[in-house]
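Going letter by letter, the sequence shown gives residues 0 to 46 in numbering that gives the first Met the number 0. All residues carry an ideal CB built from backbone N, CA and C; glycine is no exception. Remember, it's a predicted structure, so these values are computed and weren't measured experimentally. Scroll down for the structure; my scribbles are underneath it.
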Amino acid sequence: MVVIYHDDEGDLSVLKGKTLAMIGYGNQGRAQALNLRDSGANVIIGN
């Protein structure tokens, strides 16, 4: 079964203060890492 989530249904506060690892720092990885950082998460990059 497919579930579709919309922007207003996401709760980014669960990521605040967490440390996340991004594997790959290409075009998508960089953009996602910056968005996560702006949401309050600590981001570690592995390329």
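Fill in: CB contact check: Arg36 to chain D, cutoff 7 Å
Protein chains in the displayed structure number just one, and chain D is not present.
Discussion item. Please report the distance separating the alpha-carbon of Ile43 from that of Leu19.
Written reply: 6 Å
Worksheet item: Where does Ala32 land, buried or exposed, given buried means 16+ other C-beta within 10 angstroms?
Response: buried
Discussion item. Rounded to the nearest angstrom, what separates Asp10 and Lys17 at their Cα positions?
Written reply: 14 Å
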